[in-house]
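K.L.:
Pasting in a structure now, in structure tokens, and then I'll have a few things to ask.
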Amino acid sequence: MSAYGQDAEDIYNIDILGSSVADSVKALARQTGHTVMFQSDDVNNVETQPLVGRYTLKQALQLLLKGTPLSGSLIGRNFIAIVRNEPEASENDTMNNKSTKRGIIAGIITAMFGASDVANAQSDISTKVIEEVIVTAQKHSENLQDVPIAITAFSGEQLDSFGANSTQDLQYSTPGLVFSNSSATAQPYLRGVGTRISLNGLEPSIATYVDNRYVGHATATIFDFADVERIEILKGPQGTLYGRNATGGAIRVITKSVTNELGGEVTAGIGNYNHRRLSGTVNVPFTEDFAARFSGLVKRRDGYADNLSPDGTPELDDQDLEAYRAKFRWDATERVAANLSLSYSKFDDTAGNDQVDLSPPGLNAGIAVGGISGSAKNPDAVATSVDKNNKGEDFSAELKFDVDFDNFDLVSISTFTDFDLMFVSDGEGTSSAVIDGFLSDSYRSYSQEFQLISDRGESYEWQLGTYLYQSDTNFETIIDATDTGAPSLISVGKQSTKTNAYAFFGQVKWDIYDNWALTLGGRWSYEKKEVSGRASTTIATTVTPGLPFDEDATFDEFTPSAVLQYEFEDALVYLKYARGFKSGGFNYPAAGKTILDPEILDMLELGFKGEYFAKQLRLNTSLYYYDYKDLQVARASSQTGVNTTENAADSTILGFDLDLTWLATNSLTVISGLNILDTEYKNYGDASAQVFNASLSGNPNQPGISSVPFDASGHSLLRAPDWSAFVSLQYDFRVGHAAVPAVLTYSYKDDYDFDFIADPSSKSLRQSAYGLLNARVSYQPDYADWEVALWINNLQDKLYFSDRSANAAGIRGSFGAPRTFGVNFTYNF
């Protein structure tokens, strides 16, 4: 193993100004969490060049000390030794001299702190500070603390320690984020903003990106993480730089980049429910100018719930997925770089399909016709006659060119997505076939973006861009309602939607006076949607009237933004205005229903970001107000009486966010977050609520549900808990010659409603407040390239639901994950 050891292969964000070697290596130690030791005589009168970028410790030391008579190496996990070369000696003597000096330094450390626990020296003398977080929320790399946007950002390693394995898991480390799902359909809500039903013709209100590729389809936005560099969750409307469908914010998944180092890692894991995981990454520099990175993930798990019905799938909510990625980087010239990313994934399982009846006893239509169900208090058993899995395949590609001109960069980004899915849904949560759905969904998209990004000027910086997006989706729902006397299978119809959208955007920042800066931006978006509805070609009966059906609609909007900010020495205060635009569209089925208008959200935000106590404490807060117009709300249609989405309400949202990172000691790190919401629908007198027929008719035995008029004015927004919080405690123990970091993570959400409750019989549409506790302990030997980690999620085995929904049959829900635990072994090479 190299003298640099395993830790030297970690990549750090380095920002060091040219100065004396002593100051530069001290800055390097602070930014990488190490302790540096050197002899003063060796470094006197030696200067270094600036060093800014992302490097391993080995690369940083080599570049920082290049051209100096010094060299550096890592002793153990925590100590950097700087020694002077001896040019007058022979090569062997030089090596001996350097080795002797390193040995002397190591001996001093050992003598002072003990051979069995050398790295504990850091607890007493370390200059450890909070590491900088570099984000690309504004299309170029910046320190998180310099960006006037409310952002929650975590590294891939932090997500592992929190027990967050997928996009849906982000809700437990991001207060204010509620990420529900109905079978394979994602329903993310951020700060109270989201979309419940976004099938063919509609998109979510929270935009999801993988690197620079927009994932514009709800069923494609739930996926597991593999080889992830970091996650950025941008809160509030991102109408200028991201445009359409980022009304409530954006979730950005940034995968690890190709590097010039040969290496990689392999992780194998096992756990309860027969959990098995295998992932691996290898980075290969083929030449000085061309390198590649390959990664893969395979996960298997038995179902969380057994099926009480012999007619359906034996187990529900299992997992069977594979995901692969290949990334290539070519430095064509000193000024031109090309990056290509190719990804493929597939799954064949019943994840999210563990539906159970939540209706009052006997009032579910499936129970009334002789079906059975599991218990709302027992997540280990459900009952369904559905015998098919969810099956999906996803291929995507991204090609990015970066061209460096003298005063600006030209960036071209081309993306492609090909996604196919067949998924099932037990609509009433019983073994009866009343509303059992079989859904087919396909999504193809292409995008092209050009950006001009200026270099940092004396008092300004700017960027301009244009964006083109095209998508083609096809969707059909087939219903099995044979237990109601209907034909064996019926179709709601085949529907396809084509979207063509383009936009022009720009942003400029001026340093207007001393520490004051003003940023102005704007984006003009245009899109056309064409929808086509047809009767099924495979099912004899199509129940949707008005087919064939063809319609189109166009939408355009200008979304401006303005930020006034003031920078202190270690803090930033900003006042921001921004507008978000969620495009209009069509329901499924669209025939006979009104075209939806866009949602518009205007935000005012006062934000503060600061670092204190020699960068031992980072505190970011934001106070915001939303004026939210023309919400696309799922409700009973005034035209057809069936569930649909319509522009039905305005609302206001007042909220507060807090993110904190605190190095309480050199061994204890605290990361926490808080979100407080005060939300209210305005002028929403024509809403609807789901009430059981037994309550409406007075007949206590009449099953099923009907939609009734409901005045939701003054009601809190759905899926918007009044407050939510997150805290993670990491304590770094030492056991012999090994680091043993232990992480305890707790996430809490206050109660919230999945739908309006107009009668006590429907109270199960409310999710009670709950908290989840996760834990992880790792063993990392100082002089080895492996580690082992024990983990447990939902340690207290709390019972909660990831979704609750009402329809004509009754109320059903899908359980959240129970207690899971396991062990992972990782080898780095």
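Each residue of the sequence shown is one higher than the one before, counting from 512 in this note's numbering. Glycine included, each C-beta is placed from N, C-alpha and C at the ideal position.
Using the C-alpha atoms, what's the distance from residue 766 back to residue 854?
P.N.:
The alpha-carbon atoms of residue 854 and residue 766 are separated by roughly 11 Å.
K.L.:
Which of the three DSSP states is assigned to residue 730 in this structure?
P.N.:
In the structure shown, residue 730 sits in a helix (DSSP, three-state: H, G or I).
K.L.:
Quick one, which of 1306, 769, 827 has its alpha-carbon nearest residue 812's?
P.N.:
Taking only the C-alpha atoms, the option nearest residue 812 is 827.
K.L.:
Report the residue from 851, 669, 644 whose alpha carbon sits nearest the alpha carbon of residue 658.
P.N.:
Looking at the Cα atoms, 644 is the closest of the given residues.
K.L.:
Determine the closest residue to residue 1270 out of 1206, 1228, 1088, with distance taken between C-alpha atoms.
P.N.:
Among 1206, 1228, 1088, the Cα nearest to that of residue 1270 is on 1206.
K.L.:
Among the candidates 1284, 1313, 1250, 676, whose CA atom is the shortest distance from the CA of residue 1294?
P.N.:
Of the listed residues, the one whose Cα sits closest to residue 1294 is 1250.
K.L.:
When burial is assigned at 16 or more other CB atoms within 10 Å of the CB, is residue 680 buried or exposed?
P.N.:
It is buried - the Cβ of residue 680 has at least 16 other Cβ atoms within 10 Å.
K.L.:
Indicate whether residue 856 and residue 838 have their beta-carbon atoms separated by less than 7 Å.
P.N.:
Not in contact: residue 856 and residue 838 (Cβ atoms no closer than 7 Å).
K.L.:
So what does DSSP say about residue 1108, is it helix, strand or coil?
P.N.:
Here residue 1108 sits in coil by DSSP.
K.L.:
For residue 766, which beta-bridge partners are listed by DSSP?
P.N.:
The partner list for residue 766 (beta bridge, DSSP) reads 739.
K.L.:
Scan the segment 1195-1242 and note each continuous alpha helix (DSSP H) run of 4 residues or more that stays entirely inside, going in chain order.
P.N.:
DSSP runs (the alpha helix (DSSP H)) wholly in the segment 1195-1242: 1204-1208.
K.L.:
Can you tell me where the beta strand (DSSP E) with residue 925 in it begins and where it stops?
P.N.:
Its beta strand (DSSP E) spans residues 919-937.
K.L.:
Determine the contact status of residue 929 and residue 906, defining contact as a CB-CB distance below 7 Å.
P.N.:
Result yes, Cβ atoms of residue 929 and residue 906 sit closer than 7 Å.
K.L.:
With 16 other CB atoms within 10 Å as the buried threshold, where does residue 725 fall?
P.N.:
Burial call: buried.
K.L.:
Count the other CB atoms, across all protein chains shown, that sit within 10 Å of the CB of residue 1336; report buried if there are 16 or more and exposed otherwise.
P.N.:
Residue 1336 is exposed by the Cβ-count criterion.
K.L.:
What is the DSSP secondary structure of residue 899, counted as helix, strand or coil?
P.N.:
Coil at residue 899, not helix or strand.
K.L.:
Three Cβ pairs or more, each shorter than 8 Å: is that satisfied between the segment 1251-1263 and the segment 1281-1301?
P.N.:
Contact between the segment 1251-1263 and the segment 1281-1301 is present, because at least three Cβ pairs lie under 8 Å.
K.L.:
Residues in its own chain within less than 6 Å of residue 859 by CB, not counting five upstream and five downstream?
P.N.:
Correct list, in chain order: 831, 900, 902.
K.L.:
Taking a contact to mean a Cβ-Cβ separation below 7 Å, would you say residue 1168 touches residue 1133 in this structure?
P.N.:
Cβ atoms of residue 1168 and residue 1133: closer than 7 Å.
K.L.:
Using the beta-carbon count (16 or more within 10 Å), is residue 1279 buried or exposed?
P.N.:
Flag for residue 1279 reads exposed.
K.L.:
Does the pairing of the segment 787-796 with the segment 758-776 give three or more beta-carbon distances under 8 Å?
P.N.:
Short answer: they touch.
K.L.:
Looking at the structure shown, is residue 966 part of a helix, part of a strand, or coil, going by DSSP?
P.N.:
Residue 966 falls in the coil class under three-state DSSP.
K.L.:
Output yes or no for whether 7 Å exceeds the beta carbon distance between residue 1199 and residue 1221.
P.N.:
In contact: residue 1199 and residue 1221 (Cβ atoms closer than 7 Å).
K.L.:
Measure the CB-CB distance between residue 760 and residue 750 and report whether it falls below 7 Å.
P.N.:
Not in contact: residue 760 and residue 750 (Cβ atoms no closer than 7 Å).
K.L.:
Taking C-beta to C-beta, are residue 1155 and residue 1104 nearer than 7 Å?
P.N.:
Yes; because the gap between Cβ atoms is below 7 Å, this pair is in contact.
K.L.:
Hey, could you find the ends of the beta strand (DSSP E) residue 655 is sitting in?
P.N.:
Note, residue 655: premise wrong, no beta strand (DSSP E); not H, not E.
K.L.:
Between which two residues does the beta strand (DSSP E) carrying residue 832 extend?
P.N.:
Unbroken beta strand (DSSP E) run through residue 832: 830-842.
K.L.:
Compare the Cα-Cα distances from residue 524 to each of 719, 641, 553 and report the closest residue.
P.N.:
Considering only alpha carbons, the answer is 641.
K.L.:
Are residue 727 and residue 1014 closer than 7 Å when you measure CB to CB?
P.N.:
Not closer than 7 Å, so no.
K.L.:
Who are the near neighbours of residue 1347 in its chain, counting only those whose CB is closer than 6 Å to its CB and skipping five residues on each side?
P.N.:
The chain is shown only over 512 to 1340; residue 1347 falls outside these bounds and no answer can be derived.
K.L.:
May I ask you to verify whether the segment 657-672 touches the segment 738-746, counting CB pairs closer than 8 Å and requiring at least 3?
P.N.:
These segments touch.
K.L.:
When DSSP labels each residue in this structure, what does residue 1006 get in the three-state scheme?
P.N.:
Strand, per DSSP.
K.L.:
Measure from the alpha carbon of residue 968 to the alpha carbon of each residue in 992, 733, 976, 1021, then state which is nearest.
P.N.:
Here the closest residue by C-alpha is 1021.
K.L.:
Quick one: give me the first and last residue of the beta strand (DSSP E) that residue 1039 is part of.
P.N.:
Where residue 1039 is concerned, the enclosing beta strand (DSSP E) stretches over 1027-1045.
K.L.:
Going by DSSP, what residue range makes up the alpha helix (DSSP H) through residue 878?
P.N.:
Run containing residue 878: 876-879, per the alpha helix (DSSP H) assignment.
K.L.:
Could you compute how far the alpha carbon of residue 677 sits from the alpha carbon of residue 781?
P.N.:
Cα to Cα, the separation comes out at about 17 Å.
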